Amino acid sequence: MAVYGARVRGGGITLERLSVTSVLFNLKSLEDGDEGEYECHTPNSEVSYDGTYNAKTTLKVIGDTLTTSSTGPASFSLSEGDELTLQCLASSNTFQHTHLSITWYHHGDGEASPSPIISLDRDLTVSPGQWFEARYQAGLIVLDKLEEATYRLKMARIELSDAGRIYCQAQEWIQDPDRSWYPISQKDTQPTTLDVKAIVVAPDQGSGSMMVSMTVHKTQLQEGEELSMQCIVNTQGPVGRFFSVAWLKDNQELAQIGPTGVLSVGPEYGGRERGGELRAVRLREKTHLLTLRPVRTQDQGVYHCRAWPQERDGNGVFTQGSTQDSTTETITITATESDLAVAMETQQVSVDEGDALQLTCRVSGVKGQLSITWQHRSASMATGPFSDVISLSRVGVMEPGAEFGKRDVRTLRPMADTFTLELGEVTPSDAGAYQCIVSEWTTEANGNGKKTHSQSQDCSVVVHPVESLLSVYLSSRGVQVTVGGEVELVCRVRGPSLPVTVTWSLQREGQSAPDNILTLSYTGDIMWSGDQSNYQLRATTGNKDVRYNLLIIKASHKEAGRYQCVISAFLQGRHRKPQISNPLGVLVQTPESILTLSSSSSPLDKSVKTDIQMECSVAKATSISSRFAVSWLAQKNGEGNKTVLSSDRDAVITLGLELGTEQRISMRRREGRSFELTIRQARSWDNGMYYCVVEEWLQDPHGQWYKLPPSSAAMELRLQETVTDLSVNQTDLEMEVKEGEGAELTCALTSDDPASLYTLTWFYMRRGSSSSPMVPLVILGCDGVLKYPEYQDNQGLQDQKGRLIFSRPTHGTFLLGLQRALQGDSGVYQCQVGQCKLNHGNWEFSATNQSGTTNLTVRRPIELLSERGCATESVLGIFIPLVCILAILVMVLATKLKRQGSAGNKKQANSLWVEETPLKPFPGD
Numbered sequence: 002m003a004v005y006g007a008r009v010r011g012g013g014i015t016l017e018r019l020s021v022t023s024v025l026f027n028l029k030s031l032e033d034g035d036e037g038e039y040e041c042h043t044p045n046s047e048v049s050y051d052g053t054y055n056a057k058t059t060l061k062v063i064g065d066t067l068t069t070s071s072t073g074p075a076s077f078s079l080s081e082g083d084e085l086t087l088q089c090l091a092s093s094n095t096f097q098h099t100h101l102s103i104t105w106y107h108h109g110d111g112e113a114s115p116s117p118i119i120s121l122d123r124d125l126t127v128s129p130g131q132w133f134e135a136r137y138q139a140g141l142i143v144l145d146k147l148e149e150a151t152y153r154l155k156m157a158r159i160e161l162s163d164a165g166r167i168y169c170q171a172q173e174w175i176q177d178p179d180r181s182w183y184p185i186s187q188k189d190t191q192p193t194t195l196d197v198k199a200i201v202v203a204p205d206q207g208s209g210s211m212m213v214s215m216t217v218h219k220t221q222l223q224e225g226e227e228l229s230m231q232c233i234v235n236t237q238g239p240v241g242r243f244f245s246v247a248w249l250k251d252n253q254e255l256a257q258i259g260p261t262g263v264l265s266v267g268p269e270y271g272g273r274e275r276g277g278e279l280r281a282v283r284l285r286e287k288t289h290l291l292t293l294r295p296v297r298t299q300d301q302g303v304y305h306c307r308a309w310p311q312e313r314d315g316n317g318v319f320t321q322g323s324t325q326d327s328t329t330e331t332i333t334i335t336a337t338e339s340d341l342a343v344a345m346e347t348q349q350v351s352v353d354e355g356d357a358l359q360l361t362c363r364v365s366g367v368k369g370q371l372s373i374t375w376q377h378r379s380a381s382m383a384t385g386p387f388s389d390v391i392s393l394s395r396v397g398v399m400e401p402g403a404e405f406g407k408r409d410v411r412t413l414r415p416m417a418d419t420f421t422l423e424l425g426e427v428t429p430s431d432a433g434a435y436q437c438i439v440s441e442w443t444t445e446a447n448g449n450g451k452k453t454h455s456q457s458q459d460c461s462v463v464v465h466p467v468e469s470l471l472s473v474y475l476s477s478r479g480v481q482v483t484v485g486g487e488v489e490l491v492c493r494v495r496g497p498s499l500p501v502t503v504t505w506s507l508q509r510e511g512q513s514a515p516d517n518i519l520t521l522s523y524t525g526d527i528m529w530s531g532d533q534s535n536y537q538l539r540a541t542t543g544n545k546d547v548r549y550n551l552l553i554i555k556a557s558h559k560e561a562g563r564y565q566c567v568i569s570a571f572l573q574g575r576h577r578k579p580q581i582s583n584p585l586g587v588l589v590q591t592p593e594s595i596l597t598l599s600s601s602s603s604p605l606d607k608s609v610k611t612d613i614q615m616e617c618s619v620a621k622a623t624s625i626s627s628r629f630a631v632s633w634l635a636q637k638n639g640e641g642n643k644t645v646l647s648s649d650r651d652a653v654i655t656l657g658l659e660l661g662t663e664q665r666i667s668m669r670r671r672e673g674r675s676f677e678l679t680i681r682q683a684r685s686w687d688n689g690m691y692y693c694v695v696e697e698w699l700q701d702p703h704g705q706w707y708k709l710p711p712s713s714a715a716m717e718l719r720l721q722e723t724v725t726d727l728s729v730n731q732t733d734l735e736m737e738v739k740e741g742e743g744a745e746l747t748c749a750l751t752s753d754d755p756a757s758l759y760t761l762t763w764f765y766m767r768r769g770s771s772s773s774p775m776v777p778l779v780i781l782g783c784d785g786v787l788k789y790p791e792y793q794d795n796q797g798l799q800d801q802k803g804r805l806i807f808s809r810p811t812h813g814t815f816l817l818g819l820q821r822a823l824q825g826d827s828g829v830y831q832c833q834v835g836q837c838k839l840n841h842g843n844w845e846f847s848a849t850n851q852s853g854t855t856n857l858t859v860r861r862p863i864e865l866l867s868e869r870g871c872a873t874e875s876v877l878g879i880f881i882p883l884v885c886i887l888a889i890l891v892m893v894l895a896t897k898l899k900r901q902g903s904a905g906n907k908k909q910a911n912s913l914w915v916e917e918t919p920l921k922p923f924p925g926d
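Okay, so the sequence shown: first residue is 2 according to this note's numbering, each after it adds one.
If you want it as structure tokens, here you go:
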């Protein structure tokens, strides 16, 4: 611990807990003495040992031999639009197998951190920094590896924002046994300070005449030599004017120097400018030079230069003036003797969209170093220029073209005579012509490379769109199934192995658009759009296709309809055009009904005024969980069937519109699966055919009820009029009692059958209300049981029930006693007698009859007396003259007697008239 104490206290060695079960041991700034074996140990806090409590690793420290340096001055002062070239030397002398990566950085004044300009990674792949990518794609920034340890940065048309410090950073990488690469060393060169001056332009003092001329050093060249063309602009205008100069070959622009000195190169020569073959500079104010070295045979043609003035306003915006062309020069280039030959392995290549394209270019007759450039021309531009795909320099540096910088592209040299191009995930736009341009290089006395010969060969590439590669077909072994059965649909996708998203849809009958069932994403995720309880999905990969099986388990009518599967390939980060399979209809049928009914015997001969029961039973059902809806129909006198009563599957009874409204007709569901129709006190018009119609209902897997075809049973009811000896006294009676007294009502049979049993019901109806119903007071059944109905909503009848006394003094006499009569008891009383006779051991109701009515009046005593006084008025009216005369005589006689007596001594004696029974005066007296 003492050896490492200072480094621990200084933070050079740290121990950090990352989680409950993870700890990081960090050694910063390794030293030679740190090499050795390290052990991680954790103490055991338990009684027993279960697992491993220590681990060891070996650390090998590699010596830091990485060196970096820069060539050139420590500072530059350039004008806006000039070119900057810097070189960096980086090397390592370690005996380990390591790779170097180089990055040029720019650190502007006032910026917190430097920004990468361009880098060459450990695999020799060039990539620009974020803020310099546009200029790199335009060919204004280039990183070249010149020799084993020399890396050159070229920045054309520098901008004011480039001012600051520019330096080179080298990193050394090593590969661990797990094949992962890690940086082991990093060093920076001394920065170069760059000062960029803005171009100051004198004000325009007017236009003058302009003359443009072009001089060519040599018009007949051999392949590999240098073509030099000088463009001179003579003008009589003031000094400091702006001009743009362009060189044209066969009237196609090669290169142009703008008014601020910025060079731009056409697409056909962009790659050669980046490779240093084409250069264009402003030598003096009016002299501009274009050089092309080494020239190729395809460079011959007719050349001329063009110039035009540029006027800049106060905002720095240029306005182009009229152009002036020089005379033309014809350049002839003859091929030199060279054994370099290039051949494409295949002239016609076909590739599927999404696959990788690989082209092979073979060379022969090689005498020096080789570089290769792969170019592409779109199939839609049969005569257009080629654009660079990728290039491989003679020292092995790969540089993607502007259009392919973000693609998975690389070029390799697996053998000395073979170059390959690999382009991943091709698209239809990658179709067209490809050419490989192989250049041969020699080294001059000053160490610079010189391109001597170039040969090219092209081929045609056809890209098959993914839509033409994939096909989808939907099939099934069986598409007809009964409810609760299974159906398996198979969606076959044939074609190359591609990530595909599959969507299953169902269009039910009557729907205008299908509903999605599920979507199986290309990532393997399943998204359900509806009820997934009745579906299962399985995917299997075959030799020629991929099968997506959709299993419909426990099918119901909800799963019936037209199914389709839709596929969409996922390429280049997006889904392609969907492809729809053929539709496949699935028919879900109800199971075949095996419903069997049994019924009462037919014909059914019964007597009128008896109770009729007709029974219909389910002898056999399709399922043990079936429910039944029952309807009783009647056909009478040749008329159509009419519904008597019906009961749905939940046993809710509905009355028929006609027959079912009679209260004497009812139905009930007996134990098991038996249904009974009862007609009480059958009438002669109840004759006819009766049908028991049963509908069987089943539940589908979703819990929805559906019905099977109905089944029916027919029964004929034949009723016969019966001869009965039942007769009840039909005499109507009037009865009057005083309130508080008792009353006795009599119901007597005029003909009595001792072998019969009788039922009796006493009815009561309030007087003066013809619409009031007859209310039963006492009910005597054939079995001799006596019942008094309850009347919770009629307190008067409820109180009367306690004052009723029923008696039967003889077999044919029925008495109803009413104790303590009240005025509310007044009304009409009537009895109804029913006769029960024994028939084959069963008591059957045979006949009914009603008695006459008894009109009972209950009066108070004072009302009774008043009515009697009113009855004598007619008699008094006859003798009223006599009464008047008698009254006069009495009054005269009484007057005389009073006069005879003493006025002071009144005689106390009995009156001549003694009223033994006082009469109640008439009302109003």
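Beta carbons are placed, not taken as given, at the ideal position from N, Cα and C, and that holds for glycine.
Computed from a predicted model, the values in this text were never measured in an experiment.
Per-residue DSSP class, three states only, for residue i
{"i": "Ser875", "result": "Note on Ser875: pLDDT 49, under 50, position unreliable in the model; the coordinate value appears next. The answer is helix: DSSP assigns Ser875 an H, G or I state."}
{"i": "Pro862", "result": "helix"}
{"i": "Cys783", "result": "coil"}
{"i": "Gly661", "result": "At Gly661 the pLDDT is 49, less than 50, meaning the model places this residue with poor confidence and gives no usable figure here."}
{"i": "Gln573", "result": "coil"}
{"i": "Val488", "result": "strand"}
{"i": "Ile373", "result": "strand"}
{"i": "Ile159", "result": "coil"}
{"i": "Ala904", "result": "Because the pLDDT of Ala904 is 41, which lies under 50, any placement of that residue in the model is unreliable, and the number read from its coordinates should be weighed accordingly. Ala904 falls in the coil class under three-state DSSP."}
{"i": "His939", "result": "Nothing can be reported for residue 939: it is not among the residues displayed for the chain, which extend from 2 to 926."}
{"i": "Gln705", "result": "coil"}
{"i": "Gly207", "result": "Low confidence applies here, because Gly207 scores a pLDDT of 43, under 50, leaving its location unreliable and the question unanswered by this model."}
{"i": "Glu468", "result": "helix"}
Selection from the options that minimises the alpha carbon distance to residue i
{"i": "Ser675", "options": "Met615, Gly130 and Gly322", "result": "Met615"}
{"i": "Leu101", "options": "Ala150, Leu79, Glu441 and Gly73", "result": "Ala150"}
{"i": "Gly262", "options": "Arg242, Asp251 and Glu269", "result": "Arg242"}
{"i": "Pro755", "options": "Ser713, Thr811, Ser712 and Val786", "result": "Thr811"}
{"i": "Glu423", "options": "Met416, Ala417, Thr412 and Asp431", "result": "Thr412"}
{"i": "Gln682", "options": "Leu816, Val609, Arg136 and Lys559", "result": "Val609"}
{"i": "Ala514", "options": "Ser477, Pro500, Arg563 and Gly525", "result": "Arg563"}
{"i": "Val467", "options": "His576, Ile258 and Ala247", "result": "His576"}
{"i": "Glu134", "options": "Leu290, Arg363 and Ser120", "result": "Ser120"}
{"i": "Gly835", "options": "Ser827, Trp442, Trp844 and Val829", "result": "Trp844"}
{"i": "Ser92", "options": "Val282, Ile103 and Val695", "result": "Ile103"}
{"i": "Thr421", "options": "Glu672, Leu393 and Leu572", "result": "Leu393"}
{"i": "Ser728", "options": "Asp612, Ser712, Leu634 and Thr849", "result": "Thr849"}
{"i": "Gly492", "options": "Leu475, Val484 and Thr86", "result": "Note on residue identity: the sequence assigns Cys, not Gly, to residue 492. Taking only the C-alpha atoms, the option nearest Cys492 is Leu475."}
{"i": "His465", "options": "Val350, Thr520, Cys832 and Ala281", "result": "Val350"}
Residues that DSSP places opposite residue i in a beta bridge
{"i": "Gln170", "result": "Thr104 and Asp189"}
{"i": "Lys57", "result": "Glu40"}
{"i": "Ser78", "result": "Asp196"}
{"i": "Ala630", "result": "Glu696"}
{"i": "Trp1", "result": "Residue 1 falls outside the range modelled here, since the chain spans only 2 to 926, and no answer is possible."}
{"i": "Lys739", "result": "Arg860"}
Residue i - containing beta strand (DSSP E), residue span
{"i": "Asp459", "result": "Gly450 to His465"}
{"i": "Leu507", "result": "Val501 to Gln508"}
{"i": "Lys607", "result": "Leu605 to Ser608"}
Range of the contiguous alpha helix (DSSP H) that encloses residue i
{"i": "Ala715", "result": "It is not in any alpha helix (DSSP H) - Ala715 instead sits in the beta strand (DSSP E) that spans Ser712 to Gln721."}
{"i": "Glu134", "result": "Glu134 to Gln138"}
{"i": "Trp389", "result": "A small correction: the amino acid at residue 389 is Asp; Trp does not occupy that position in the sequence shown. Element bounds for Asp389: not the alpha helix (DSSP H) but the beta strand (DSSP E), Ser388 to Leu393."}
Cβ-heavy atom distance, residue i to the ligand ATP, below 7 Å
{"i": "Asp314", "result": "With respect to the ligand ATP, the structure offers nothing, as it holds no ligand at all."}
Complete beta strand (DSSP E) runs within the region 821–858 (minimum length 3 residues, chain order): 828–840 and 843–851
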